[in-house]
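Participant: Sharing a structure with you now.
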Amino acid sequence: MEIFILPSEEAIGKAIADRIEEVFTARPQANLGVATGSSPLPTYRELIARVAAGRLSFKDSHFFMLDEYVGIAEDHPERYHNVIHTEIASQVDVKPENVHGPEGNAEDLQVAVKEYDQLIKDKGGVALQILGIGSDGHIAFNEPGGSLVSRTHVDTLTKQTRVDNARFFDDDLSKVPTHCVTQGLGTIMDAEELCLVATGANKAEAVAQMVEGAISAMWPATIMQMHPNAKVFLDEAAASKLKLIDYYREMQAAESH
Numbered sequence: 001m002e003i004f005i006l007p008s009e010e011a012i013g014k015a016i017a018d019r020i021e022e023v024f025t026a027r028p029q030a031n032l033g034v035a036t037g038s039s040p041l042p043t044y045r046e047l048i049a050r051v052a053a054g055r056l057s058f059k060d061s062h063f064f065m066l067d068e069y070v071g072i073a074e075d076h077p078e079r080y081h082n083v084i085h086t087e088i089a090s091q092v093d094v095k096p097e098n099v100h101g102p103e104g105n106a107e108d109l110q111v112a113v114k115e116y117d118q119l120i121k122d123k124g125g126v127a128l129q130i131l132g133i134g135s136d137g138h139i140a141f142n143e144p145g146g147s148l149v150s151r152t153h154v155d156t157l158t159k160q161t162r163v164d165n166a167r168f169f170d171d172d173l174s175k176v177p178t179h180c181v182t183q184g185l186g187t188i189m190d191a192e193e194l195c196l197v198a199t200g201a202n203k204a205e206a207v208a209q210m211v212e213g214a215i216s217a218m219w220p221a222t223i224m225q226m227h228p229n230a231k232v233f234l235d236e237a238a239a240s241k242l243k244l245i246d247y248y249r250e251m252q253a254a255e256s257h
């Protein structure tokens, strides 16, 4: 993995947007993997500004979402289809019909998850996938203890994830859905490039495990060690438990020259 330690969320957002601009300028029909949560928001702000300035376009691209809650109302503001629409899709030039996500309200969820994996393949795959990481090391909604090679599937949310997400549901745990549909780790690993964002001290242990720990189902993000093109963007707090932090800084400095 390439590790980048940057001074602020805004600097991280700019760095990832730089990479996206590079990829999509060279390949205008490439597809972007989008994530929800607070981590990607600075990146989205950068992308919106660059599309508005004419530096970047997604008009020939497809967006693929990572996950969705099961059983959440279609008009709920925290339904991830609605979050992605609000935060990025409605503010850039991607076609509405080219924004895709796993369907948490499908009549047959087991059929729907297989169809979603196939759709990603049919549209040419994901060129660059934006990721966040949970405090327990999950990426998308792949919780600890699950398969490291899973495809898109229905899963049960852990109490920790529901507690972490309660802030989006009036701090009321009872309002947080208990199940989700998520791209599997195997599906995510199919993307050509992974760009993961982690900020804040509460992510430091998960980051240290992901980068320097053994590959383990107990820390799902550790599977990224097996990806040939994975980039990790951290602020100082999220990087604070890395044992080889000085080495990563040296590599980052060498890369910038």
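Oh and the sequence shown: position 63 is 63 in UniProt numbering, straight run, nothing missing. Glycine is no exception: its CB is placed at the ideal position from the N, C-alpha and C atoms.
Taking just the CA atoms, how far does E22 sit from P28?
Facilitator: The residue labelled residue 28 in the question sits at position 28 within the sequence shown. The residue labelled residue 22 in the question sits at position 22 within the sequence shown. Straight-line Cα distance between these residues: approximately 10 Å.
Participant: Between the alpha carbons of R55 and S90, how many angstroms are there, rounded?
Facilitator: On the sequence shown, position 55 is the one that residue 55 refers to. On the sequence shown, position 90 is the one that residue 90 refers to. Between R55 and S90, the C-alpha separation is close to 17 Å.
Participant: Check whether the stretch 67 to 79 touches the stretch 122 to 135, counting contact only when three or more Cβ pairs, one atom from each stretch, lie closer than 8 Å.
Facilitator: Touching, no, given that fewer than three Cβ pairs across the two stretches are closer than 8 Å.
Participant: With DSSP as the reference, please indicate the residues paired to V163 in a beta bridge.
Facilitator: Counting from 1 along the sequence shown, the entry for residue 163 is found at position 163. Its beta-bridge partners do not exist; DSSP assigns none.
Participant: Out of A201, A221 and D190, point me to the one whose CA is closest to residue 268's CA.
Facilitator: Because the chain in this structure spans residues 1 to 257, residue 268 falls outside the shown range and cannot be described.
Participant: Less than 6 Å between C-beta atoms, sequence neighbours within five positions excluded: which residues of the same chain meet that for E78?
Facilitator: Within the sequence shown, numbered from 1, the residue matching residue 78 stands at position 78. If we look at E78 and ignore the five residues flanking it on each side, its Cβ neighbours are F168.
Participant: Alpha helix (DSSP H) containing F4: first to last residue?
Facilitator: Residue numbering aside, residue 4 sits at position 4 when the sequence shown is read from its first letter. Careful: F4 lies outside any alpha helix (DSSP H), inside the beta strand (DSSP E) at E2 to I5.
Participant: What residue range is occupied by the uninterrupted beta strand (DSSP E) comprising residue 262?
Facilitator: Lying before the first or after the last residue shown, residue 262 is absent from the chain, which here runs from 1 to 257.
Participant: Measuring alpha carbon to alpha carbon, tell me which residue in K231, A198, Q209 and C180 is nearest L41.
Facilitator: For this step, residue 41 is matched to residue 41 along the sequence shown. If we check each option's Cα against that of L41, A198 comes out closest.
Participant: Can the beta-carbon of T158 be found less than 9 Å from the beta-carbon of H138?
Facilitator: Start at 1 with the first residue of the sequence shown, and residue 158 comes out as number 158. Start at 1 with the first residue of the sequence shown, and residue 138 comes out as number 138. Their beta carbons are under 9 Å apart, which means T158 touches H138 by this criterion.
Participant: In whole angstroms, what separates the C-alpha of K14 from that of G37?
Facilitator: Taking the sequence shown and counting its residues from 1, the one referred to as residue 14 is at position 14. Taking the sequence shown and counting its residues from 1, the one referred to as residue 37 is at position 37. When rounded, the distance between both Cα atoms is 17 Å.
Participant: Alpha carbon to alpha carbon, how far is E250 from A214?
Facilitator: Against the sequence shown, residue 250 aligns to sequence position 250. Against the sequence shown, residue 214 aligns to sequence position 214. Going from the Cα of E250 to the Cα of A214 covers about 23 Å.
Participant: Consider the Cβ of V51: report whether some Cβ of chain C lies at a distance smaller than 9 Å.
Facilitator: The structure shown has no chain C; it contains just one protein chain.
Participant: For Q183, name the three-state secondary structure that DSSP assigns.
Facilitator: On the sequence shown, residue 183 is found 183 positions in, with the first residue counted as 1. Of the three classes helix, strand and coil, the one that applies to Q183 here is coil, per DSSP.
Participant: So, are the CB atoms of G186 and S216 less than 9 Å apart?
Facilitator: As a first step, residue 186 is located in the sequence shown; it is residue number 186 there, counting from the start. As a first step, residue 216 is located in the sequence shown; it is residue number 216 there, counting from the start. Result no, Cβ atoms of G186 and S216 do not sit closer than 9 Å.
Participant: Please determine, among A106, D93, D136 and V211, the residue with the shortest C-alpha to C-alpha distance to D60.
Facilitator: Here residue 60 is taken as the residue at index 60 of the sequence shown, counted from 1. Considering only alpha carbons, the answer is D93.
Participant: Closest to V51 by CA distance: which of V113, F24 and A73 is it?
Facilitator: Taking the first residue of the sequence shown as 1, we reach residue 51 at position 51. Per the Cα distances, F24.
Participant: Need the endpoints of the alpha helix (DSSP H) that H81 sits in, please.
Facilitator: Position 81 of the sequence shown, counting from 1, holds the residue named residue 81. Counting along the chain, the alpha helix (DSSP H) containing H81 begins and ends at Y80 to E87.
Participant: DSSP three-state label for T222, please.
Facilitator: Here residue 222 is taken as the residue at index 222 of the sequence shown, counted from 1. T222: helix per DSSP, three-state reduction.
Participant: I need the DSSP call for D67, collapsed to helix, strand or coil.
Facilitator: By 1-based counting over the sequence shown, the position of residue 67 is 67. If DSSP states are grouped into helix, strand and coil, D67 belongs with the strands.
Participant: Assuming V154 and V181 make a contact with CB atoms under 8 Å, what is their CB distance in whole Å?
Facilitator: Taking the sequence shown and counting its residues from 1, the one referred to as residue 154 is at position 154. Taking the sequence shown and counting its residues from 1, the one referred to as residue 181 is at position 181. V154 to V181, Cβ: 6 Å. Contact.
Participant: Just to confirm, is the Cβ distance from E46 to I84 under 9 Å?
Facilitator: In the sequence shown, counting from the first residue as 1, residue 46 sits at position 46. In the sequence shown, counting from the first residue as 1, residue 84 sits at position 84. No.
Participant: Which of helix, strand or coil does DSSP assign to V211?
Facilitator: Taking the first residue of the sequence shown as position 1, residue 211 is located at position 211. Three-state DSSP puts V211 in a helix.
Participant: Can you name the start and end residues of the alpha helix (DSSP H) that residue 266 belongs to?
Facilitator: In the structure as shown, the chain begins at 1 and stops at 257. Residue 266 is therefore absent and cannot be evaluated.
Participant: Just to check my reading of the structure: S240 and A201 have Cβ atoms closer than 8 Å, yes? What is that Cβ distance to the nearest angstrom?
Facilitator: For the purposes of this step, residue 240 is taken as residue 240 along the sequence shown, with counting starting at 1. For the purposes of this step, residue 201 is taken as residue 201 along the sequence shown, with counting starting at 1. Indeed, because the Cβ distance is near 6 Å, the residues count as touching under 8 Å.
Participant: Applying the criterion that 16 or more other CB atoms from any shown protein chain within 10 Å of the CB defines a buried residue, is H257 buried or exposed?
Facilitator: Within the sequence shown, residue 257 is the residue found at index 257, counting from 1. Result: exposed.
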